[in-house]
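Under full-length UniProt numbering, the first residue of the sequence shown carries the number 1, and numbering increases by one thereafter. We put the CB at the ideal spot given by N, CA and C, even for glycine. Written below as structure tokens is the structure these notes are about.
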Amino acid sequence: MDRIGFKKFFNIVLFDENAALPHGGFATGDKVLRRDTMVLIDGGYHYLGYSSNVCRSFFMPLEPTSLLQSIEETVLSLWWKTSECGDLQRTDDARTIAEKVKVWDIVFAAQTAAGLAFKPDNSCASVDLAARSVINEAGYNGTFTHRLGHGIGIKAHESPYLNEANTGISLKPGIVFTNEPGIYLQGKFGIRHEDIYLVKESGGAEILSGERARGPFNP
């Protein structure tokens, strides 16, 4: 990245319980990574005078084939959504994976809801609340512990800020924001999705950071 002119300003890689703190904490480095380990990678670079920031959360890659990943992702995603799944005799690993898949989907839905709210004249608070309400209604009230996002441009963090108290500032065409909801379960894991959105004069916002997260097994 340095060779082509990108300058790193922020980069974290967290696993499971360390990701329950949104920007990490002390880690010894002796954690053993497993197939059910949830990875959170958040990185940002400056390029040609402007900033970027993207975050992805996903399971440790499975082997040996992408087909296996696709099958397991589908099965586990359906598993937690099935109303009878609570009666199944699951292993601890399966329960852990199922919960992480559930939370991954909720955070993705929250990011989607916020993305639809990136329209001119909507308040910064309303965009935050669009995501926060999805998380709260899913039963995870109090686990989204930071603002939804912030302006991003020449600086990595610029005003206006997307938080539920910022009712007095409205979105305007041309402003670029991060959209980064998360759920953080202390002592267990944290999941966050982050992309960059451009408010347009009409229609939906444009995502500037490329393709959104594709799935918990395929970032």
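- DSSP places S126 within a helical segment (H, G or I) once states are collapsed to three.
- With contacts defined as CB atoms closer than 9 Å, H23 and I41 fail to qualify as a contacting pair.
- Exclusion of the five residues before and after Y161 leaves C124, R147, G149, H150, G151 as the residues of its chain whose Cβ lies within less than 8 Å of its Cβ.
- Taking C-alpha positions only, V54 is separated from G182 by approximately 13 Å.
- Beta bridge pairing from DSSP links G215 with N218.
- Cβ-Cβ distances below 7 Å link F189 to D16, E17, A19, A20, M38, K100 in the same chain, with the five nearest sequence neighbours on each side left out; the list follows chain order.
- The three-state secondary structure of G151, taken from DSSP, is strand.
- In this structure, the beta-carbon distance from N166 to F118 does not fall below 9 Å.
- Burial state of D93 is exposed, judged by a 10 Å Cβ sphere holding fewer than 16 other Cβ atoms.
- F144 sits in coil when the DSSP states are folded into three classes, being neither helix nor strand.
- Annotated as proximal: K8 and G43, with beta-carbon spacing under 9 Å.
- Contact annotation: I175 and G49 have beta-carbon atoms that are not nearer than 9 Å.
- From the listed residues R3, G29, W104, V32, the smallest Cα separation to N218 is found for W104.
- For F118, there is no enclosing beta strand (DSSP E), as DSSP marks it with neither H nor E.
- If you draw a 10 Å sphere on the C-beta of Y47, you find fewer than 16 other C-beta atoms in it, and that means exposed.
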